[in-house]
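Going by full-length UniProt numbering, the first residue of the sequence shown is number 1, and it counts up by one from there. Take a look at the structure set out below.
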Amino acid sequence: MDYVAAVEGSTAAIGYGLAAIGPGIGVGLVFAAYIQSTARQPESSRMTLPYVWIGFAVIEALALFGIAFGFIWAG
1 MDYVAAVEGS TAAIGYGLAA IGPGIGVGLV FAAYIQSTAR QPESSRMTLP YVWIGFAVIE
61 ALALFGIAFG FIWAG
């Protein structure tokens with residue numbers, strides 16, 4: 001017996017689901033680097049914290065742009 005499955009729905013959602021892995025890894029790397037730098041030099045934690053939040057915001061903004069463009073291009 002041959003079974004053929006019809007794929008229905010938006011491929012943009014599948015594409016964004018796969019593309020969401022990148023920002024997840026990026027956020028993990030940003031916070032891992034902050035934790036490691038704070039462990040090595042605790043007195044610099046207040047100096048480097050704003051850069052952590054800027055990096056986090058940029059990564060999340062790129063992820064939101066990705067989902068927005070996915071919906072725009074999907075029609």
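We put the beta carbon where it would ideally sit given N, CA and C, even for glycine.
For residue i, tell me which candidate among the options has the shortest Cα-Cα distance.
| i | options | result |
| --- | --- | --- |
| Phe56 | Glu43, Arg40, Gly24, Ala39 | Gly24 |
| Pro50 | Gly28, Tyr34, Leu18 | Tyr34 |
Would a C-beta distance cut-off of 9 Å place residue i and residue j closer than the cut-off?
| i | j | result |
| --- | --- | --- |
| Gly22 | Ala61 | no |
| Val30 | Ile59 | yes |
| Gly70 | Gly26 | no |
### Task
Any chance you could list the beta strand (DSSP E) runs of at least 3 consecutive residues sitting entirely within the UniProt domain "V-ATPase proteolipid subunit C-like" (12-72), in chain order?
none
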